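Residue numbers (the working numbering): 1 to 217. Report on the structure given below.
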Amino acid sequence: MKFFADTAEIAEIRDLAATGLLDGVTTNPSLIMKSGGNFIETVREICSICPGPVSAEVVALDHAEMMREAEVLRKIADNVTIKVPLTPDGLKTCKALSDDGTMVNVTLCFSAAQALLAAKAGATFISPFVGRHDDVGFNGMDLIADIRLIYDNYDYATQILVASVRHPMHVVEAARIGADVMTAPPKIIHQLFKHPLTDSGIAAFLKDWQATGQTIG
Ligand code: E4P
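Right under this line is the structure:
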């Protein structure tokens, strides 16, 4: 499973890149607002830190304007992935960009039917938002399982990018189902390391080691 960081914070991205865990980055207009940085410059810097796909989202709602914005964004770096919303204009843009060899991430997916449409439009990634889906009383993981089944039925190459991840079990469940990618805030990626038995085991080993009075080297 590939790990993408869902953030526009440069320091967090650098830190994760140093662990070797970072396969890509996703941003959205809200994350750019939170980071306080200039959109284009932020994406440029992220692309220079992370060689994997870096999603940058268009904000236009009509196809022609989406294409214009995509043109600006894809010139930033070769690893820019254009993020488009799951609308008719978004999918028209997805088809045009994909046919042209540009990676496309179709975002704000909340149903298996929408995911099927995105695959047919040639999306590189489909982003089902599991956390937001759970928030309104649905089961985000059922959605991931349905999309996996449908994509496998027809051998679609579109990668399932599990988004709106809220806790470590979302990551584990998504991996069990066979999602291709997950994107999570760095805080959640760090939570994946955590287990109380790891912490207590380290503490016990250190205590016993100190009792030996030895040092290494
Ligand atoms: C994905 O690309 C989105 O940026 C993100 O996962 C949305 O997550 P949220 O529901 O926590 O805002």
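Each residue gets a CB set at the ideal place from its N, CA and C atoms; glycine is no exception. Only a predicted model underlies this, so the values are computations on that prediction, with no experimental measurement involved.
Could you give the uninterrupted runs of the beta strand (DSSP E) lying entirely in the stretch 128–198, keeping only those of 3 residues or more?
159–162 and 181–184
Would you give the residue range spanned by the alpha helix (DSSP H) that C94 belongs to?
The sequence position of residue 94 within the sequence shown is 94, counting from 1. Where C94 is concerned, the enclosing alpha helix (DSSP H) stretches over P88 to D99.
Alpha carbon to alpha carbon, how far is T87 from A163?
Indexing the sequence shown from 1 puts residue 87 at position 87. Indexing the sequence shown from 1 puts residue 163 at position 163. Rounded to whole angstroms, T87 to A163 spans 18 Å at the Cα level.
So, with DSSP's three-state summary, where would you put C47?
Translated into the one-based positions of the sequence shown, residue 47 becomes position 47. Correct three-state label for C47: helix.
Between N139 and M1, what straight-line distance do the alpha-carbon atoms span, to the nearest angstrom?
Here residue 139 corresponds to residue number 139 of the sequence shown, with the count starting at 1. Here residue 1 corresponds to residue number 1 of the sequence shown, with the count starting at 1. Between the alpha carbons of N139 and M1 lies a gap of roughly 21 Å.
Would you please state the rounded distance, in angstroms, between the beta carbons of V104 and V84? I believe it to be under 8 Å.
Within the sequence shown, residue 104 is the residue found at index 104, counting from 1. Within the sequence shown, residue 84 is the residue found at index 84, counting from 1. Indeed, because the Cβ distance is near 6 Å, the residues count as touching under 8 Å.
Three-state secondary structure (DSSP) at G201?
Within the sequence shown, residue 201 is the residue found at index 201, counting from 1. Three-state DSSP puts G201 in a helix.
On a Cα-Cα basis, can you pick out the residue from L97, G131 and F110 that is closest to A221?
The chain is shown only over 1 to 217; residue 221 falls outside these bounds and no answer can be derived.
Is the separation between the beta-carbon of P24 and that of T107 shorter than 9 Å?
Position 24 of the sequence shown, counting from 1, holds the residue named residue 24. Position 107 of the sequence shown, counting from 1, holds the residue named residue 107. According to the sequence shown, residue 24 is Gly rather than Pro. No, Cβ-Cβ distance for G24 and T107 is not below 9 Å.
Among D146, F193 and S30, whose alpha-carbon lies nearest the alpha-carbon of G178?
If you number the sequence shown from 1, residue 178 lands on position 178. Nearest C-alpha to G178: D146.
In chain order, what residues of the same chain lie with their CB nearer than 6 Å to the CB of G131, ignoring the 5 residues before and after it?
Sequence index remark: in the sequence shown, residue 131 carries index 131 (1-based). For G131, where only same-chain residues beyond five positions count, the Cβ hits under 6 Å are S164 and R166.
Ordered along the chain, which non-local residues of its own chain (more than five positions away) have a Cβ less than 6 Å from that of A77?
Indexing the sequence shown from 1 puts residue 77 at position 77. Closer than 6 Å at the Cβ level, and outside the excluded window around A77, lie C47.
Less than 8 Å separating the Cβ of F129 from some heavy atom of the ligand E4P?
On the sequence shown, residue 129 is found 129 positions in, with the first residue counted as 1. Yes - the ligand E4P has a heavy atom lying nearer than 8 Å to the Cβ of F129.
Near R44, which residues of its chain fall below 6 Å by C-beta distance, leaving aside the five closest residues on each side in sequence?
Residue 44 sits at position 44 when you count from the first residue of the sequence shown. Here the set comprises I76.
Can you check DSSP and say which residues form a bridge with P85?
Here residue 85 is taken as the residue at index 85 of the sequence shown, counted from 1. Answer by DSSP bridge pairing, in chain order: T107.
From what residue to what residue does the alpha helix (DSSP H) around E57 run?
On the sequence shown, residue 57 is found 57 positions in, with the first residue counted as 1. Judged by DSSP secondary structure, E57 falls outside any alpha helix (DSSP H) and instead within the beta strand (DSSP E) spanning V54 to E57.
Decide if F193 is buried, meaning its Cβ has at least 16 other Cβ atoms within 10 Å, or exposed.
Counted from its first residue, the sequence shown places residue 193 at position 193. Exposed, since its Cβ has fewer than 16 Cβ neighbours within 10 Å.
Based on DSSP bridge pairs, tell me the residues matched to G24.
Along the sequence shown, read from residue 1 onward, the residue named residue 24 stands at position 24. In the DSSP output, where bridge partners are listed per residue, G24 has F4.
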